[in-house]
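**Student:**
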Amino acid sequence: MLKVWLSGVSALVLFAGIAWYLAPLQPGVLALQLAFSPRVFAEVIHAWSADDLARYRAHLPYDFLLLACYGAFGYLLIARTTLFARQPVLRRCAMWLLPLAAACDATENAFHWWLTEVPRFGVAWAYGVSAAFAAVKWLLLLAYGLAVLYALDADQN
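Under this note's numbering, the first residue of the sequence shown carries the number 247, and numbering increases by one thereafter.
(1) Residues in its own chain within less than 8 Å of PHE282 by CB, not counting five upstream and five downstream?
(2) Suppose you measure from the CA of ALA352 to the CA of VAL275; what does that come to, to the nearest Å?
(3) Quick one: grab the DSSP three-state call for TRP384.
(4) From this set, PHE261, ILE291, PRO270, ALA257, which residue's C-alpha is nearest PHE367's C-alpha?
(5) Could you work out which residue in ALA400, PHE287, ASN355, ALA370 is closest to PHE310 when comparing CA atoms only?
(6) Taking only three categories from DSSP, how would you classify SER295?
(7) Under 8 Å: do the region 381-399 and the region 296-308 share three or more Cβ pairs, one atom per stretch?
(8) With a floor of 4 residues, list each alpha helix (DSSP H) that falls wholly inside the region 260-334, ordered by position along the chain.
(9) Where do the ends of the alpha helix (DSSP H) carrying PRO345 lie?
(10) Nearest CA to the CA of PHE330: which residue from CYS350, PRO307, VAL286, ALA400?
(11) Alpha carbon to alpha carbon, what distance is there between LEU248 and TRP371?
(12) If you check the beta carbons only, do TYR316 and ALA257 fall under 7 Å apart?
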C-alpha cells in the first residue's frame, strides 16, 4: 500500500505544482493540447509571450514525472487493493487505463517539445497526431475515473 500512497501523493503534488506554474498562461494549456492544426496551435503560441512559451517548455520535464506517477498510481491502486475484486474482467481492463493515458501523455509531450522549439508548419500531420494523443489521454483519464466510481458503487451494493 505504501507504493500506492507514494505514487498517488506524488502525482497530486506534481499536478498541483504544475497547475499553479502554468495558471498564468492564457489561453491555457488545454487549448494547446487540443490544437489539431498548425493554425490553431500557432494561435495559442502567438497569444503567449516568449516568457510564457519558455514557461510552458520548462514544465515538460516535470510533466514527464507527473505522468509516471499517475500511471503507476492508476495501476497500483487496482492491482494492490480490493477495488474491482468482484469484477475481474473490468479490473484487468481498468488497471491499464492510467498507464495507457500516461503513454499518450508522454507522446503528446514529446510532440509539444518538438513543435514548440521552432515553427514546423510544414509537418501539419504532427499537430493532429499530437492533439489526437492528448484527446485519447483525456478520454482514458475520464474512463478510469468512471470505472473507479462504478467499482466504489458496486462495493456499496
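Virtual Cβ for every residue (Gly too), placed ideally from N, Cα, C.
These figures come from a predicted structure and were not determined experimentally.
**Tutor:** Per the coordinate set shown:
(1) TYR373, GLY374, ALA377, ALA378
(2) Here the alpha carbon of ALA352 sits roughly 15 Å from the alpha carbon of VAL275.
(3) Correct three-state label for TRP384: helix.
(4) ILE291
(5) ASN355
(6) coil
(7) no
(8) 275-279, 284-293, 296-325
(9) 343-361
(10) ALA400
(11) 42 Å
(12) yes
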